[in-house]
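A.B. asks: Protein chains in written order, with the UniProt record's numbering: chain A, 1 to 410; chain B, 1 to 378; chain C, 1 to 221. Right, I'll just put the structure down here and ask away after.
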Amino acid sequence: MSKRVVIDPITRIEGHLRVEVEVDENNVITKAWSSSTLWRGIEVILKGRSPMDVGLIVQRICGVCTYSHYRCGIEAVENALGTKIPLNAKFLRSLMQTSLYMHDHIVHFYHLHGLDWVDIISALSADPAVAAQEALQYTDKPIAAGEGDLRAVQERIKGFVATGKLGPFANAYWGNSTYKFTPEQNLIVLSHYLKALEVQRVAAEMLAIFGGKSPHPQSLVVGGVTSVRDMLSPARLQEWKQKHAIVTDFIHRAYKADIIMAAAAFGNEPSVLGGVNVMNFMATNDFVLADGEYMFDQGVIMNGDLAGVTDIDPDLIKEDVTHAWYKADGAQHPYDGTTIPDYTGFVERDTVYGKLPTLDGDGKYSWVKSPRYDGEPMEVGPLACLLVSYAKARLWLTRSMACLKPQVYR
Amino acid sequence: MDTHAALYRQGQARLDMLRQLNSRDGQSLTSKMKQHDISRRDFIKWSASVTAMLALPLPFSTLVAQAAELADRVPLIWLHMAECTGCSESLIRTDTPNLDSLIFDHISLEYHETLMAASGWQAEENLEHAMEAYKGQYLLAVEGAVPTANNGAYLTIGCKGHTGLEIIKHAAEGAAAIISVGTCAAFGGVQAASPNPTGAKGVHEVVDKTVINLGGCPPSEKNIVGTLMYFIMFGKLPALDMFNRPKWAYGARVHDNCERRGRFDAGEFVEEFGDQGAKDGYCLYKLGCKGPYTYNNCPTERFNHHTSWPVLAGHGCMGCSEPNFWDDMADFEKPLGRQLLHGFDATADTVGAVILGATAVGIGAHAVTSIFAKPLED
Amino acid sequence: MNHSATHTRDLIFSPAIRIFHWLRALSILVLVITGFYISWPFLVAPETNDIQVQSYIRFAHLVFGFALTAITLVRFYLFFFGKSDIERRSFRDVSSVSSWVKNLKSYLWMGHLNKAGVYGPLQFTTYVVISLMALLICITGLVLYANVYHLGMAGMMWDGAAWITAQMGGLAQIRIWHHYMTWVFIIFVLVHVYMAIWSGIRFKHNSVDSIISGYDYHNKH
C-alpha cells in the first residue's frame with residue numbers, strides 16, 4: 001500500500017515549490033512530482049515592450065541569482081541585434097558575475113541548503129576543543145573555528161535554545177538520522193554559517209561596486225556597461241580586489257574545508273552514491289577571460305559519455321507543457337513558444353496528513369514548463385559547467401581536479 | 001518640538017510596555033554584542049545614525065538603543081507572495097556593523113520561507129501557530145504581489161493548497177501592523193505590469209487595513225530595518241506620504257538629493273553611455289533617469305553598506321519605488337518625453353507633430369478651396 | 001464733401017481682454033520652447049558650469065508658468081464678471097442647433113456666420129476647452145513646481161500637490177500629461193491664427209486687428 005507525502009512549501013529556496021512523493025511499505029520513494037505553484041506571466045508581460053528594457057524586467061525573475069537573468073536578458077538582445085560590446089565591458093561583466101558566483105554559492109551552501117545537513121541542536125553537545133582540532137584536518141588555517149570562536153557560538157545557541165522558542169529554527173528535523181555530522185562537525189559548520197552571514201555581505205558589495213546595487217544591479221545596457229567611472233577608478237578596482245580577497249579567504253579556509261568534511265561524512269549515503277538521475281549535461285560559454293576565450297566551455301554530454309561531448313545546437317531546445325498548466329500543441333522551440341495559462345487545479349486524495357488537495361500527476365500539475373534538448377531532460381548549472389569543461393579538457397580544470405582528488409579520497 | 005516631546009513620551013511608554021513582556025532567549029543584546037565584538041561605542045554610533053536617518057532629533061537615539069535591546073519581543077511573520085526573494089536578499093545584506101542582522105535574529109522571527117529550517121507541513125504549522133499565539137500582536141511583513149485573477153489560483157502555498165489571497169487575508173486579520181516590503185507587495189510590481197495576466201495587486205488593495213508601503217525593487221536594507229525599528233519604538237506607523245510610504249525614507253525625490261544634480265542644473269548631460277560626459281559624471285536625464293519622479297533615499301543612503309547606487313554606477317534611476325513604474329517609467333533608457341506610446345510605436349512628440357502636420361495640410365486645403373469658393377454676397 | 005460712413009465701428013474687446021490675450025500668447029510661446037528644452041535638453045552645455053543653463057531655462061519656464069496661471073484665473077474672472085456681456089452672450093449660440101449648423105456651413109463656404117456674441121459656437125467651445133486645458137496644465141505645472149522648491153508658496157501647496165499626485169498615480173503621470181497637453185496648445189495656435197485671418201477675409205470684417213485695436217467694423221444696413 002503506497003502512501004503519499006506532500007511537502008509544501010519547500011523552504012530556503014527562491015520561489016514557491018511543492019514536492020509530492022509516493023512511498024511504499026518500506027518508506028522507499030517509488031514516485032515523485034515537483035510543482036511550481038506560482039505563475040507571474042513575465043513572458044506575457046515582455047511582449048510589445050522595448051527590447052532595451054528586457055534585461056531589467058527578466059532580472060526580476062529571481063532576486064537570488066539576480067544578475068544572471070539581467071545579463072542573459074541583455075545578451076539575448078545583443079545577440080539578436082548582432083551587437084559587439086567592448087572588451088572592457090566584457091571584463092566588467094565577468095567581474096560582476098564573479099561576485100555573484102561567490103555570493104550565491106556561499107549563501108546557497110550555508111544559509112539555504114545548510115540546515116538540511118547541519119544539526120544545530122546537536123552542535124550543543126560538541127566539545128569546542130575537539131571541534132577545533134577536527135577543523136584543522138580539513139585546512140591548516142581554519143577560519144572562525146578556533147576553540148574560543150566555537151565556544152562563543154555554542155553559548156549563543158545554548159541561550160537561544162534554552163527558551164524553547166527557536167524562531168526560524170523551530171519545528172524542524174533536528175536529531176533525524178539523516179544528519180551525519182558529529183556534534184563537533186555540526187558546531188564547525190554552524191560557526192561558519194554565522195561567519196558567512198558577514199562574508200556574503202562583502203560579496204554583495206563586490207557586485208554593487210560595478211552594479212550600483214545588489215540584488216538587482218542596474219548597470220548593464222545593450223552594448224556594454226554603464227559604470228565606466230567605477231571601471232576607470234583605481235580606487236574602485238582596488239576596493240573590489242580587497243573584498244575579493246576577504247571572500248576568497250573565507251572560501252579557502254571555511255567553505256572548501258566544509259565541503260571536504262561533508263564529502264567524507266555523506267559520501268556513503270545512497271543519495272550521493274546513486275549519483276545523478278539525469279546523465280545528460282549542458283553548459284554554455286561563460287566567464288570571459290580574453291576576447292573570445294571563456295573559462296567554461298559550451299557543450300552537451302549525453303548519457304554520461306564524457307568523450308562524446310558535442311557542441312550545443314540551439315535548434316534542438318524545446319519546451320514541453322504536457323504536465324504544465326499551459327495550453328500548447330506539443331513541444332515548442334522558445335522562438336515559437338506560447339504561454340497560455342490553463343489551470344486545472346489539484347485532486348483531493350489521502351495522504352499521510354489526511355485528505356489533502358494533491359497534484360494530478362497524470363495531468364497538468366505545475367507552472368514550470370519542461371525544457372528538453374533533443375527530447376531529453378538535461379542537467380544544467382555548476383556540475384554541468386564543470387563536467388563539460390572537464391570533458392573538453394580545459395587545463396585549469398584538469399589541474400584543479402588533480403589537486404582535489406587526494407584530499408577527498410584521503 | 002512639542003510634537004517631538006510627545007512622540008518621545010509615547011516611545012518611552014511603548015518601550016516600558018515591551019519591557020514587561022518576556023524576552024525570547026533570555027540573553028541581553030549587550031551580551032550578544034560582546035560575542036560579536038561590537039563595542040558599546042559602535043552601538044551608540046549605530047543608534048545615532050538610525051535616529052538621524054529617521055529624521056528624529058538626537059535625544060531619540062537613546063530610544064533607538066533601548067528599542068534595539070527590546071526588539072526580540074515583537075513577533076514577526078514574513079510572507080512570500082508572487083515575488084523573487086530580492087527583498088529578503090536585500091534584508092540579509094544589512095550593513096556592517098553586524099548589528100542590523102543581529103537585531104534581525106534578535107527579534108522573534110516566527111515565519112520566513114527563505115530562512116526557516118522547517119519545510120512543508122511543519123512550516124505550515126509554524127505559521128498557523130504564530131498567527132494563533134500572537135493574534136493581534138504580530139507584525140506582518142509581506143514580500144510579493146497578490147495574484148487575484150482566477151480566484152487567486154496563480155499562487156498556492158502549503159499542503160492545504162490555500163491561495164496567496166486567502167493566506168494574506170487571514171494573516172492580515174490578526175496583524176498589529178502590516179508592512180509591504182518592496183514594490184510588488186506595495187503596488188503589484190513587475191507581475192502587475194500590463195497586461196497583468198495574473199491580476200496581481202498590492203497588499204493594501206486586498207485587505208482593509210492600513211499598510212505601510214516600502215517601495216523599491218528591492219528597497220534598501222536600511223528602509224526595511226528602519227521601518228521595523230520605528231514600529232518597535234513607537235508601536236504605531238510612521239508618518240506616511242501619499243502612497244503610504246514612510247516619509248523619513250520616501251520624503252524627497254531621488255532628483256532632489258542626487259549627486260549629479262549640479263550637472264543637471266548646468267545643462268550638462270550624458271548623451272550616450274560611455275561618452276566623455278559619462279566619464280565625467282554628467283547628468284543621466286537624457287538617458288532616461290527617472291529620479292525627478294521618484295521618491296526615495298537612494299542618493300543619500302545608497303545600497304550595500306553605502307557602496308553604490310544606480311546613478312553612481314552610470315545608469316539612470318528607473319523609478320522602482322513608484323506605483324506602476326514598469327509601465328509608467330518605461331522605456332527605462334529614455335526620458336518620459338521620448339517614451340514610445342504603446343500601440344503607436346512613436347513618441348508623444350512624433351504623434352503631436354503628425355497631428356500638427358495633418359492640421360497644416362487641412363488648413364492649406366481649406367485656404368486653397370476658399371480662393372475658388374463662391375464669394376459671400378453682402 | 002459729404003462722407004457718410006459705410007461701416008460702424010464697435011468696441012468688441014476691452015483693453016483688459018487684449019492685454020491678457022497677448023500676455024497669454026507670449027507665455028505660451030515661451031513655455032512651449034522652454035518646456036521642450038526641459039523635456040529634452042537640446043542645448044549644448046557651455047564651457048563652464050557657472051552658467052546654469054537648465055536652471056535659467058527652468059526659471060523662465062516657471063516665471064511664465066506663473067504668468068499663465070495668473071492670466072488664466074483673471075481671464076476666468078473677466079469672462080464671468082466683465083462689464084460687457086459680449087463673450088457671455090455666446091452661450092445662446094452654443095445651445096442652439098441652428099446656430100451650430102449655420103456656423104459649420106459658413107466654415108464650408110456656405111452662407112454667413114450668424115452669432116449673438118463675439119464668438120461662433122464652435123469657436124466658443126474651442127476656447128472653453130483650451131481654457132480648461134490651460135487650467136489643467138497650470139495645475140500639473142504647479143504640482144511639479146511644488147516638488148522643485150519646497151519652501152514658501154510651494155510648501156503651502158505641498159499637501160494639495162501630494163493629493164493630486166496620488167490621484168494621478170505618481171509624478172511621472174503628471175509629467176506625461178503636462179507634456180501631452182503642450183501639443184493641444186501648439187495645434188490650437190495654428191488653427192486659431194488661420195481662422196482669425198480666414199474669417200476676416202471671408203466675412204469681410206476686422207478680425208486680426210481687433211485683438212490689437214479692440215474694434216471691429218460692420219457694414220451699415
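From the three backbone atoms N, C-alpha and C, an ideal C-beta is built for every residue, glycine too.
1. Short check: CB of residue 54 of chain A to CB of residue 73 of chain A, under 8 Å?
2. Does the CB of residue 42 of chain B have a neighbour CB from chain C at under 8 Å?
3. What residues in its chain sit with their C-beta under 6 Å from that of residue 272 of chain A, if we drop five residues either side in the sequence?
4. Expressed to the nearest angstrom, what Euclidean distance is found between the alpha-carbon atoms of residue 225 of chain C and residue 332 of chain A?
5. Which runs of the alpha helix (DSSP H) at least 4 residues long sit entirely within the region 219-259 of chain B? Give them in chain order.
6. If I measure Cβ to Cβ from residue 111 of chain B and keep anything under 6 Å in the same chain, skipping five residues before and after, which residues do I get?
7. By how many angstroms is the C-alpha of residue 88 of chain C removed from the C-alpha of residue 204 of chain B?
8. Please check if any C-beta of chain A sits within less than 8 Å of the C-beta of residue 74 of chain B.
9. Give me, in chain order, the residues of the same chain whose beta-carbon lies closer than 6 Å to that of residue 376 of chain A; leave out the 5 immediate sequence neighbours on both sides.
10. Anything in chain B within Cβ reach of residue 171 of chain A, meaning under 7 Å, just list it in chain order.
11. Can you give me the C-alpha to C-alpha distance between residue 165 of chain B and residue 390 of chain A, rounded to a whole angstrom?
12. Once the 5 residues before and after residue 144 of chain B are set aside, which same chain residues still bring their CB inside 7 Å of it?
13. According to DSSP, simplified to helix, strand and coil, what is residue 94 of chain A?
14. Could you confirm whether any beta carbon from chain C is found closer than 8 Å to the beta carbon of residue 336 of chain B?
15. If you follow the alpha helix (DSSP H) that residue 120 of chain B is in, where does it begin and where does it stop?
16. What in chain A is Cβ-close to residue 157 of chain B, meaning under 8 Å?
17. Buried or exposed for residue 101 of chain B, going by 16 or more other Cβ atoms inside 10 Å?
18. Output yes if chain B places a C-beta closer than 8 Å to the C-beta of residue 166 of chain C; else output no.
19. What would DSSP say about residue 77 of chain B, mapped onto helix, strand or coil?
20. Counting only beta-carbon atoms, is residue 53 of chain B nearer than 8 Å to chain A?
21. Between residue 99 of chain B and residue 286 of chain A, what straight-line distance do the alpha-carbon atoms span, to the nearest angstrom?
22. Mind listing the chain C neighbours of residue 111 of chain B? Cutoff is C-beta to C-beta under 8 Å, in chain order.
23. Use the C-beta contact count for residue 97 of chain B: other C-beta atoms within 10 angstroms, 16 or more gives buried, fewer gives exposed.
24. State the DSSP-derived secondary structure class of residue 151 of chain B, mapped to helix, strand or coil.
25. Please decide whether residue 77 of chain C counts as near chain B, where near means a Cβ-Cβ distance under 8 Å.
26. With which residues is residue 374 of chain B paired in a DSSP beta bridge?
27. Can you tell me where the beta strand (DSSP E) with residue 357 of chain A in it begins and where it stops?
28. Residues of chain C with CB closer than 9 Å to the CB of residue 275 of chain B, please, in chain order.
29. In angstroms, rounded to a whole number, what distance separates the CA positions of residue 292 of chain A and residue 220 of chain A?
30. Applying a beta-carbon distance threshold of less than 7 Å, which residues of chain A neighbour residue 89 of chain B?
31. What separation, rounded to the nearest whole angstrom, lies between the Cα atoms of residue 28 of chain C and residue 18 of chain C?
32. Only counting runs of 4 or more residues, tell me where the alpha helix (DSSP H) segments fall wholly within the region 140-171 of chain A, in order along the chain.
33. Starting from residue 197 of chain B, follow the beta strand (DSSP E) in both directions and report where the run begins and ends.
34. For the candidate residues C/83, C/72, C/112 and C/32, whose alpha-carbon lies nearest to that of residue 129 of chain C?
35. If contacts are defined as beta-carbon pairs under 8 Å, then residue 153 of chain B and residue 343 of chain A qualify, I think. What distance do you get, rounded to the angstrom?
36. How about residue 323 of chain B and residue 63 of chain A: do their beta carbons lie closer than 8 Å?
C.D. replies: Reading off the structure:
1. Within the first sequence, numbered from 1, the residue matching residue 54 of chain A stands at position 54. Within the first sequence, numbered from 1, the residue matching residue 73 of chain A stands at position 73. Against a cut-off of 8 Å, the Cβ pair of residue 73 of chain A and residue 54 of chain A comes out as a contact.
2. Indexing the second sequence from 1 puts residue 42 of chain B at position 42. No, residue 42 of chain B does not count as interfacial toward chain C.
3. Locating residue 272 of chain A in the first sequence gives position 272, where the first residue counts as 1. Only 266 meet the Cβ criterion.
4. Outside the displayed span of chain C (1 to 221) sits residue 225 of chain C, for which this structure offers no information.
5. 221-234 and 247-250
6. The count along the second sequence starts at 1 and reaches residue 111 of chain B at position 111. Excluding positions up to five away in sequence, the list reads 77, 126, 127 and 130.
7. For the purposes of this step, residue 204 of chain B is taken as residue 204 along the second sequence, with counting starting at 1. For the purposes of this step, residue 88 of chain C is taken as residue 88 along the third sequence, with counting starting at 1. One alpha carbon belongs to residue 204 of chain B, the other to residue 88 of chain C, and they sit about 48 Å apart.
8. Against the second sequence, residue 74 of chain B aligns to sequence position 74. For residue 74 of chain B, the answer is no, since every Cβ of chain A falls outside 8 Å of its Cβ.
9. In the first sequence, residue 376 of chain A corresponds to position 376, counting from 1. Answer for residue 376 of chain A: 280, listed in chain order.
10. Residue numbering aside, residue 171 of chain A sits at position 171 when the first sequence is read from its first letter. In chain order: 118, 122, 125 and 126.
11. Along the second sequence, read from residue 1 onward, the residue named residue 165 of chain B stands at position 165. Along the first sequence, read from residue 1 onward, the residue named residue 390 of chain A stands at position 390. For residue 165 of chain B and residue 390 of chain A, the distance between alpha carbons rounds to 48 Å.
12. Translated into positions along the second sequence, residue 144 of chain B becomes position 144. So the list reads 80, 81, 82, 83, 184 and 185, once near-sequence residues are dropped.
13. Looking up residue 94 of chain A in the first sequence gives position 94. Three-state result, residue 94 of chain A: helix.
14. The residue you call residue 336 of chain B lines up with position 336 of the second sequence. Residue contact check for residue 336 of chain B against chain C: a CB pair falls below 8 Å.
15. Numbered from its first residue, the second sequence carries residue 120 of chain B at position 120. Its alpha helix (DSSP H) spans residues 120-133.
16. The sequence position of residue 157 of chain B within the second sequence is 157, counting from 1. Here the neighbours are 8, 9, 16 and 37.
17. Against the second sequence, residue 101 of chain B aligns to sequence position 101. The predicted position of residue 101 of chain B is uncertain, since its pLDDT is 48 and thus under 50; no value can be drawn from it.
18. Mapped onto the third sequence, residue 166 of chain C falls at position 166. Interface residue, yes.
19. As a first step, residue 77 of chain B must be located in the second sequence, where it is residue number 77. DSSP places residue 77 of chain B in strand when its eight states are reduced to three.
20. Within the second sequence, numbered from 1, the residue matching residue 53 of chain B stands at position 53. For residue 53 of chain B, the answer is no, since every Cβ of chain A falls outside 8 Å of its Cβ.
21. On the second sequence, residue 99 of chain B is found 99 positions in, with the first residue counted as 1. On the first sequence, residue 286 of chain A is found 286 positions in, with the first residue counted as 1. Confidence in residue 99 of chain B is poor, its pLDDT being 40 and thus under 50, which makes the residue's placement unreliable; the coordinate value appears in the next sentence. Taking the straight line from one Cα to the other gives about 37 Å.
22. Against the second sequence, residue 111 of chain B aligns to sequence position 111. The contact set of residue 111 of chain B on chain C, defined by CB atoms closer than 8 Å, is empty, because the minimum CB distance reaches about 32 Å.
23. The count along the second sequence starts at 1 and reaches residue 97 of chain B at position 97. Below a pLDDT of 50, predicted positions are generally treated as unreliable, and residue 97 of chain B, at 38, falls in that range; the measurement from the model is reported next regardless. Residue 97 of chain B comes out buried.
24. Here residue 151 of chain B refers to the residue found at position 151 of the second sequence. Residue 151 of chain B: helix per DSSP, three-state reduction.
25. Counted from its first residue, the third sequence places residue 77 of chain C at position 77. For residue 77 of chain C, the answer is no, since every Cβ of chain B falls outside 8 Å of its Cβ.
26. For the purposes of this step, residue 374 of chain B is identified with residue 374 of the second sequence, where counting begins at 1. DSSP, once it has assigned bridges, lists no residue as partnering residue 374 of chain B.
27. What you label residue 357 of chain A is simply residue 357 of the first sequence in a count that begins at 1. From DSSP, the beta strand (DSSP E) with residue 357 of chain A extends over 354-358.
28. Translated into the one-based positions of the second sequence, residue 275 of chain B becomes position 275. The contact set of residue 275 of chain B on chain C, defined by CB atoms closer than 9 Å, is empty, because the minimum CB distance reaches about 13 Å.
29. Locating residue 292 of chain A in the first sequence gives position 292, counting from the first residue. Locating residue 220 of chain A in the first sequence gives position 220, counting from the first residue. For residue 292 of chain A and residue 220 of chain A, the distance between alpha carbons rounds to 20 Å.
30. As a working mapping, residue 89 of chain B is identified with position 89 in the second sequence. Those are 63, 64 and 215, listed as they occur along chain A.
31. Working through the third sequence from its first residue, we reach residue 28 of chain C at position 28. Working through the third sequence from its first residue, we reach residue 18 of chain C at position 18. Each residue's Cα considered, the two are about 15 Å apart.
32. 147-162
33. Residue mapping note: residue 197 of chain B aligns to position 197 of the second sequence, counting from 1. That residue, residue 197 of chain B, is in no beta strand (DSSP E); it is neither H nor E in DSSP.
34. As a working note, residue 129 of chain C is residue 129 in the third sequence. Residue 129 of chain C has its Cα closest to that of C/72, out of C/83, C/72, C/112 and C/32.
35. Mapped onto the second sequence, residue 153 of chain B falls at position 153. Mapped onto the first sequence, residue 343 of chain A falls at position 343. Confirmed, Cβ separation roughly 5 Å.
36. Position 323 of the second sequence, counted from the first residue, corresponds to residue 323 of chain B. Position 63 of the first sequence, counted from the first residue, corresponds to residue 63 of chain A. Their beta carbons are not under 8 Å apart, which means residue 323 of chain B does not touch residue 63 of chain A by this criterion.
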